[in-house]
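Contents: one structure, followed by commentary.
Protein chains: 2
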Amino acid sequence: MDNLSARIISKIDRDRTHGASQLAIMGLEGLKSFAGSWQGDRVKEFCEELQLLIEALRIVRPSMAAIANLVERFQYQFEFLYSGTLDEVRASAIEIAEVLVQDTTDASAQTARTMAGLINDHEVLMTHSLSSLIKSVLGLVVDKSVHVVVTESRPGNEGLLLAEYLSTKAIETIYITDAQVGLWVPKADKIVIGADTILADGAVVNKAGTYLLALAAREHDIPVYVGCESYKWSKVSKDQVALEEMDPDELQMPPLDGVLARNIYFDITPAELITAWVSEQGVEREW
Amino acid sequence: MDNLSARIISKIDRDRTHGASQLAIMGLEGLKSFAGSWQGDRVKEFCEELQLLIEALRIVRPSMAAIANLVERFQYQFEFLYSGTLDEVRASAIEIAEVLVQDTTDASAQTARTMAGLINDHEVLMTHSLSSLIKSVLGLVVDKSVHVVVTESRPGNEGLLLAEYLSTKAIETIYITDAQVGLWVPKADKIVIGADTILADGAVVNKAGTYLLALAAREHDIPVYVGCESYKWSKVSKDQVALEEMDPDELQMPPLDGVLARNIYFDITPAELITAWVSEQGVEREW
Chain A
3 MDNLSARIIS KIDRDRTHGA SQLAIMGLEG LKSFAGSWQG DRVKEFCEEL QLLIEALRIV
63 RPSMAAIANL VERFQYQFEF LYSGTLDEVR ASAIEIAEVL VQDTTDASAQ TARTMAGLIN
123 DHEVLMTHSL SSLIKSVLGL VVDKSVHVVV TESRPGNEGL LLAEYLSTKA IETIYITDAQ
183 VGLWVPKADK IVIGADTILA DGAVVNKAGT YLLALAAREH DIPVYVGCES YKWSKVSKDQ
243 VALEEMDPDE LQMPPLDGVL ARNIYFDITP AELITAWVSE QGVEREW
Chain B
3 MDNLSARIIS KIDRDRTHGA SQLAIMGLEG LKSFAGSWQG DRVKEFCEEL QLLIEALRIV
63 RPSMAAIANL VERFQYQFEF LYSGTLDEVR ASAIEIAEVL VQDTTDASAQ TARTMAGLIN
123 DHEVLMTHSL SSLIKSVLGL VVDKSVHVVV TESRPGNEGL LLAEYLSTKA IETIYITDAQ
183 VGLWVPKADK IVIGADTILA DGAVVNKAGT YLLALAAREH DIPVYVGCES YKWSKVSKDQ
243 VALEEMDPDE LQMPPLDGVL ARNIYFDITP AELITAWVSE QGVEREW
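Residue numbers (my numbering), protein chains in the order written: chain A, 3 to 289; chain B, 3 to 289.
Structure (structure tokens):
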């Protein structure tokens, strides 16, 4: 793999603050910048190296179906244009990536609008972690005088970034530890979460802690809405999905003999805990 | 209130690392040291000041019934000995406190032995926060080759103190964020927790996050055992109990306009999520 490809993969691999949609767009932008800056002169070589980058992007973040799905769409469309001069092939790759980025952005925007439409004036909303989609949704309901309960989302504390955003939008926000979720769910009108992947049966892969939030919500009859653009849907089942584990040093545990820190980033919320799945195609109440 | 009494109350008020049993013993020791070091010469005045300390101890940590219960036992026994010389009254107060400390210690030790008896070889145990009782239980099962999953327990990270203890005992331990609880419960054989208070209907007041652990445990049919010496039992219902809130600065959120950090320390786990209550009187499977 060439240097640029390695940098693209490494950046997505190390990222801890962006959700699946943003990293998927980062992957498409990576394909575009690879195509635009590749230094060789043979079409075959260009396609082979592009293929290596595609393969690496498909597996770099296995808990996020969006990346693999969008890269596969790129690959599918690109293979029809395999012939031609290097300039033609290069231009095609760039155009396909650009169109997919636009489609992705449009799908997110439409999903956010649909989700915002489900929120009523003065509601108390609760979320977990940082989802670019939920950020957009909350930005769209500024005039509805909602209140938002935000969790820290250890170990990365992405919840703090969301709280910072809500502060700039003058949305009244409560910031709590992940352990307090059970105390605040009964005060919420709705739970709104993003997703890294929707599994074949509708189960939701999202930041660890989402499952506990959804369990508490069911206990108190609080509806759980998941924002999940169609490019996040996967054919994979819960037994096949890889839940990424990150560096245990993120927990900042001092070294202790016989004690192992673990840092699994994602958990699975079964479909029966979800009230509705919201995508650019509308609101589904059954999967 | 005199200086010593104020120091005793302040110490218990500010403590973030000891559980209800240890703080209750600290309260009894406080009564003893007050009695031993009081400088006046009139019995009436001694009793009045002791009464002020008792009243302050009863309310200093409202989520921990153990402190009020043991202080009330002290008061009940002391009132029978209200007459006599100052030296006699002083000696009685000291003796009552000493006997109650011993009773409390004995009850905890018996509860720990009973709870340890419920644990089988090679089991995976999971707990939340730091309970002196659970620490004793785990110390008693060192020979059973158990594995323990310990949560950080934000914001105080008392789980780290438990992990340090388990390390010294060479008990294999996994240390996780509170948000990962749902990922690890299915791997556990038993959940073992302490309690700050047992409410009138058997519900458990314990460190925030316990409720989520118990919800996940029911979902996966993992039994939940609560260690609760009888001095932790309360006649208060869940609508009457005060869940203490601590300094929100413990969350270390930078100042943000419109964002309020909240730091409620305890939550309530309903009785239907508890498999058995273990005390010095034995194992109860229904409350």
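Idealized CB from N, CA, C, for every residue including glycine.
Proximal chain A residues relative to residue i, where beta-carbon distance stays under 8 Å
{"i": "GLY184(B)", "result": "ALA210, GLY211, TYR213, LEU214, LEU217 and ASP269"}
{"i": "SER65(B)", "result": "Neighbours of SER65(B) on chain A: none; closest Cβ ~12 Å, over 8 Å."}
{"i": "ARG9(B)", "result": "Residues of chain A passing the Cβ test: none, with the nearest at roughly 30 Å."}
{"i": "MET255(B)", "result": "LEU162, ALA165 and TYR177"}
{"i": "GLU154(B)", "result": "ARG156 and LEU253"}
Residue environment, residue i, which counts as buried when at least 16 other CB atoms sit within 10 Å
{"i": "ARG9(B)", "result": "exposed"}
{"i": "ASN5(B)", "result": "exposed"}
{"i": "THR87(B)", "result": "exposed"}
{"i": "THR129(B)", "result": "buried"}
{"i": "MET3(A)", "result": "exposed"}
{"i": "ASP63(B)", "result": "Inspection of the sequence shows that residue 63(B) is occupied by Arg rather than by Asp. The residue is buried, with at least 16 neighbouring Cβ atoms inside 10 Å."}
{"i": "THR153(A)", "result": "buried"}
{"i": "VAL144(B)", "result": "exposed"}
{"i": "ARG92(A)", "result": "buried"}
{"i": "ASN265(B)", "result": "buried"}
{"i": "THR170(A)", "result": "exposed"}
{"i": "ASN122(A)", "result": "exposed"}
{"i": "LYS34(A)", "result": "buried"}
{"i": "GLN254(B)", "result": "exposed"}
{"i": "LYS189(A)", "result": "exposed"}
{"i": "GLY42(B)", "result": "exposed"}
{"i": "GLN24(B)", "result": "buried"}
{"i": "GLY284(B)", "result": "exposed"}
{"i": "LEU201(A)", "result": "buried"}
{"i": "LYS209(A)", "result": "buried"}
CB contact flag (residue i, residue j, <8 Å)
{"i": "ILE11(A)", "j": "ALA67(A)", "result": "no"}
{"i": "ARG156(A)", "j": "ASP191(A)", "result": "no"}
{"i": "LEU214(A)", "j": "VAL183(A)", "result": "yes"}
{"i": "GLU286(A)", "j": "THR113(A)", "result": "no"}
{"i": "TRP289(A)", "j": "GLY161(A)", "result": "no"}
{"i": "TYR227(B)", "j": "VAL150(B)", "result": "no"}
{"i": "LEU164(A)", "j": "LYS146(A)", "result": "no"}
{"i": "SER65(A)", "j": "ASP249(A)", "result": "no"}
{"i": "GLU31(B)", "j": "TRP40(B)", "result": "no"}
{"i": "MET117(B)", "j": "VAL148(B)", "result": "no"}
{"i": "SER133(B)", "j": "GLY21(B)", "result": "yes"}
{"i": "ALA218(A)", "j": "VAL187(A)", "result": "yes"}
{"i": "ILE56(B)", "j": "VAL103(B)", "result": "no"}
Backbone secondary structure at residue i - three-state DSSP
{"i": "VAL243(A)", "result": "coil"}
{"i": "GLU174(A)", "result": "strand"}
{"i": "TRP297(B)", "result": "The shown model of chain B, from 3 to 289, leaves out residue 297(B), and the question about it has no answer."}
{"i": "ASP91(B)", "result": "Checking the sequence, you will find Val at residue 91(B) rather than Asp. Note: VAL91(B) maps to helix in three-state DSSP."}
{"i": "TYR227(A)", "result": "strand"}
{"i": "LEU262(A)", "result": "strand"}
{"i": "GLY284(A)", "result": "strand"}
{"i": "ASN159(B)", "result": "coil"}
{"i": "ILE11(B)", "result": "helix"}
{"i": "LEU132(A)", "result": "coil"}
{"i": "ASP145(A)", "result": "helix"}
{"i": "VAL152(A)", "result": "strand"}
{"i": "ILE276(A)", "result": "coil"}
{"i": "ASN208(B)", "result": "strand"}
{"i": "LEU127(B)", "result": "strand"}
{"i": "ASP4(A)", "result": "coil"}
{"i": "ILE121(A)", "result": "coil"}
{"i": "THR179(A)", "result": "coil"}
{"i": "LYS192(B)", "result": "strand"}
{"i": "THR19(B)", "result": "coil"}
Any non-hydrogen atom of the ligand SAM closer than 7 Å to residue i Cβ
{"i": "TRP235(A)", "result": "As for the ligand SAM, it is missing from this structure, which has no ligand bound."}
Residue i: contacting residues in chain B (beta-carbon distance under 7 Å)
{"i": "PRO157(A)", "result": "THR179"}
{"i": "VAL206(A)", "result": "None at all; the shortest Cβ gap to chain B is about 12 Å."}
{"i": "GLU221(A)", "result": "LEU217"}
Residue i: contacting residues in chain B (beta-carbon distance under 9 Å)
{"i": "LEU140(A)", "result": "Under the 9 Å cutoff, chain B gives no residues; its nearest Cβ is about 13 Å from LEU140(A)."}
{"i": "SER169(A)", "result": "LEU258, ASP259, GLY260 and VAL261"}
Proximal residues of chain A, C-beta to C-beta of residue i below 9 Å
{"i": "SER232(B)", "result": "Within 9 Å Cβ-Cβ: nothing; SER232(B) doesn't reach chain A, min ~26 Å."}
Within chain A, partners of residue i - CB distance below 7 Å
{"i": "ILE176(B)", "result": "LEU262 and ARG264"}
Chain D residues whose Cβ lies nearer than 9 Å to that of residue i
{"i": "ALA172(B)", "result": "Among the protein chains in the structure shown, which are A and B, there is no chain D."}
Counting Cβ pairs closer than 8 Å, one from the region 241-259 of chain B and one from the region 213-229 of chain B, do we hit at least three? The region 241-259 of chain B is not in contact with the region 213-229 of chain B.
Quick one: any contact between the region 262-274 of chain B and the region 242-253 of chain B, if contact means 3 or more CB pairs under 8 Å? Contact between the region 262-274 of chain B and the region 242-253 of chain B is present, because at least three Cβ pairs lie under 8 Å.
Tell me whether the region 166-177 of chain B and the region 107-125 of chain B touch, counting them as touching only if at least three CB pairs, one residue from each stretch, are closer than 8 Å. Short answer: they don't touch.
Is it a yes or a no for the region 61-79 of chain B touching the region 228-240 of chain B, going by three-plus beta-carbon pairs under 8 Å? A contact exists between the region 61-79 of chain B and the region 228-240 of chain B.
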